[in-house]
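Only one structure is covered here, and it is reproduced in the block below.
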Amino acid sequence: MDLKPHIEKFTRRFAEIEAALSDAAVFDNPQKAQEMAREYARLRELVGHGHAYLKVAKDLEENRQLVVTESTDSELYQMAQEEIARLTVEEKKLIQQVQHGLLPPDPTDSRNTIIEIRAGAGGSESALFAADLYRMYSKYAEKHGWKIENMDTSPSDLGGFREIIFQVTGSDVFKKLKYESGVHRVQRVPATEAQGRVHTSTATVAVLPEAQEVDIEIKTEDLDITCCRASGPGGQGVNTTDSAVQIIHRPSGLIVRCADQRSQQKNKLRALTVLRSRLLEKKIADENAKYAAQRKEQVGTGERNERIRTYNFPQNRVTDHRIEVTLYNLPTFIEGDIECLLEPLMNNDLDTRLAALQL
3 MDLKPHIEKF TRRFAEIEAA LSDAAVFDNP QKAQEMAREY ARLRELVGHG HAYLKVAKDL
63 EENRQLVVTE STDSELYQMA QEEIARLTVE EKKLIQQVQH GLLPPDPTDS RNTIIEIRAG
123 AGGSESALFA ADLYRMYSKY AEKHGWKIEN MDTSPSDLGG FREIIFQVTG SDVFKKLKYE
183 SGVHRVQRVP ATEAQGRVHT STATVAVLPE AQEVDIEIKT EDLDITCCRA SGPGGQGVNT
243 TDSAVQIIHR PSGLIVRCAD QRSQQKNKLR ALTVLRSRLL EKKIADENAK YAAQRKEQVG
303 TGERNERIRT YNFPQNRVTD HRIEVTLYNL PTFIEGDIEC LLEPLMNNDL DTRLAALQL
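Position 311 of the sequence shown, counted from 1, bears residue number 313 in the working numbering, the numbering being contiguous throughout.
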C-alpha cells in the first residue's frame, strides 16, 4: 500500500483547517469550530506520523544501498546493518499508525458516555463485583480528569449494586471505554465464604454513547411517564417527594428510571438522555449486524451476552478473552489502571477494520 499519496492529501487538508481556524469568524459557529478543532487535532497527529514514516522510509533505503555497495567487513557496512534493523521496526510501527489514521473516525468517539453496570450470576457477590467495577471506572475517569454523575442506583444489602447507571463526561470518553461492553467474570473467595472456596460471579457492563436529539427522534405520544417516590438511602429530599421518574418507550418496550436527583424535572431529563442513548445503541447495533452479515467474521468488541474478561483474584490475573491477553497485575488493574488492556483492544479493533477496508 503506497502511503505517500494519502499523506500528501492529509497534509493539504491539515493546512486548510489550520488556515480556517486562524480566522476568528469561524468561531461565530461554535459547533462548527468544535468539529474543525477535533479534525485539526486528528490530522496533526496523522500528518506527524506520516512525515516521520517518509523520513524513516528514506533513511532505510539509503542504508540498504550502503549494504549493497560496501564491503561486508567494513565498519560502514556494520553500522548500516544495525540501522536497518532499528529502522525496520520503527517503519512497521509508523505504517500501522498511518494506516489507522486513514480509517474514518467514529463520530461517537468524542461523545460523553452512559455506563450501566448490572449484577449478574452469583447473588450478593455479583452485586459487590458490580460495585468494584464502578469504582474501577471511577478511578480511571479521575486519572483522565473526567467527570462522573450518578443517574440511578439500586444498592444491594451488603453494600454492592444490583444496578448502577452513571454518566461520564470528558474528552474521548466513548473512544476509550466502548470496549468495556460485555459480561465481566470474577473468580474469588467472597467475604461471606466460611470454607475459603472460590466462587464465580458475573456483572454486565453496557457502554452507551450519549445520543443527541439529531440522532434519535423521540415522540412524546410514544412515552408513558410516571412519577413515584425514590427508594433506598438518599437523604431528606430524595425519599420524601415523588421525584423518581420512570419512562416507558412503547415502540421499543424500553423502560428507563432515574431517581438520583431531588428534582423531578432533572430526573425526567436524565431519563430521556438514557433512553435516547439506548435507542442510539440499538440503532448502531442493528447497522453493525447488517454489516457483519456480509462478512465471514463479525467486526466489533463483543456482544453484551459474551464473557469478555475474567478477573481471577487467587491467581492475581486478568484475562481479556477477545484478544487472548493475560496480565498479572489485578490489584492495580481493579484500581483503575486499565489502559494496559484498553490500548491493545483499540489496536485490535483498528487492525480488524483496516483489514476489512482493504478487502
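All C-beta atoms in this analysis are idealised placements derived from N, C-alpha and C, irrespective of residue type, glycine included.
{"Check": "Own chain, CB closer than 7 angstroms to R40, minus 5 neighbours either side, in chain order", "Outcome": "S112"}
{"Check": "Cβ pair E337, K141 closer than 8 angstroms", "Outcome": "yes"}
{"Check": "For F168, the residue or residues it bridges with in DSSP", "Outcome": "I117, N152"}
{"Check": "F335 in three-state terms, based on DSSP", "Outcome": "helix"}
{"Check": "F163 - DSSP class collapsed to helix/strand/coil", "Outcome": "strand"}
{"Check": "Residues that DSSP places opposite Q189 in a beta bridge", "Outcome": "T202, N314"}
{"Check": "Collapsed DSSP secondary structure at Q263 in the structure displayed", "Outcome": "coil"}
{"Check": "Short CB-CB distance (under 8 angstroms) between F131 and chain C", "Outcome": "The structure shown contains no chain C, having only a single protein chain."}
{"Check": "Other residues of its chain near E20: CB distance less than 8 angstroms, five sequence neighbours each side excluded", "Outcome": "Y42"}
{"Check": "C-alpha distance - E63 paired with M3, whole-angstrom precision", "Outcome": "17 angstroms"}
{"Check": "R324 beta carbon near the ligand NAP (any heavy atom closer than 7 angstroms)", "Outcome": "No copy of the ligand NAP occurs in the structure displayed, which carries no ligand at all."}
{"Check": "Beta-carbon proximity of F176 to T275, cut-off 8 angstroms", "Outcome": "no"}
{"Check": "Continuous alpha helix (DSSP H) stretch holding T13: start and end", "Outcome": "6–23"}
{"Check": "Three-state secondary structure assigned by DSSP to A358", "Outcome": "helix"}
{"Check": "Distance between R88 and Q99 (C-alpha atoms, nearest Å)", "Outcome": "17 angstroms"}
{"Check": "7 angstroms CB neighbourhood of C229 in its chain, flanking five on each side removed", "Outcome": "D244, A246, V247, Q266"}
{"Check": "For I249 and I117, the rounded distance between their alpha carbons", "Outcome": "18 angstroms"}
{"Check": "Q248, enclosing beta strand (DSSP E) - first and last residue", "Outcome": "246–251"}
{"Check": "CB of F163 within 8 angstroms of CB of A193, strictly", "Outcome": "no"}
{"Check": "Cβ pair L329, F335 closer than 8 angstroms", "Outcome": "yes"}
{"Check": "Expected contact under 8 angstroms - CB spacing of G184 and V207 to nearest Å", "Outcome": "6 angstroms"}
{"Check": "With 16 other Cβ atoms within 10 Å as the buried cut-off, status of S128", "Outcome": "buried"}
{"Check": "Inter-residue spacing [alpha-carbon to alpha-carbon] between E269 and S279", "Outcome": "Glu is not the amino acid found at residue 269; the sequence shown has Asn there. Whole-angstrom Cα-Cα distance: 15 angstroms."}
{"Check": "Local conformation of L352 per DSSP, three classes", "Outcome": "helix"}
{"Check": "Residues near G52 in its chain [Cβ-Cβ closer than 6 angstroms; skip 5 each side]", "Outcome": "I9, V100"}
{"Check": "Closest Cα partner of L281 within the set P346, L271, P253, R264", "Outcome": "P253"}
{"Check": "For G184, the residue or residues it bridges with in DSSP", "Outcome": "V207"}
{"Check": "Sequence-distant residues of the same chain with beta carbon closer than 7 angstroms to Q83, five excluded per side", "Outcome": "V69"}
{"Check": "D226 (DSSP reduced to helix, strand or coil)", "Outcome": "strand"}
{"Check": "Distance, L105 Cα to K94 Cα", "Outcome": "17 angstroms"}
{"Check": "Which of helix, strand or coil DSSP assigns to T321", "Outcome": "strand"}
{"Check": "Contact set for F315: own chain, Cβ-Cβ below 6 angstroms, skip 5 residues either direction", "Outcome": "R190"}
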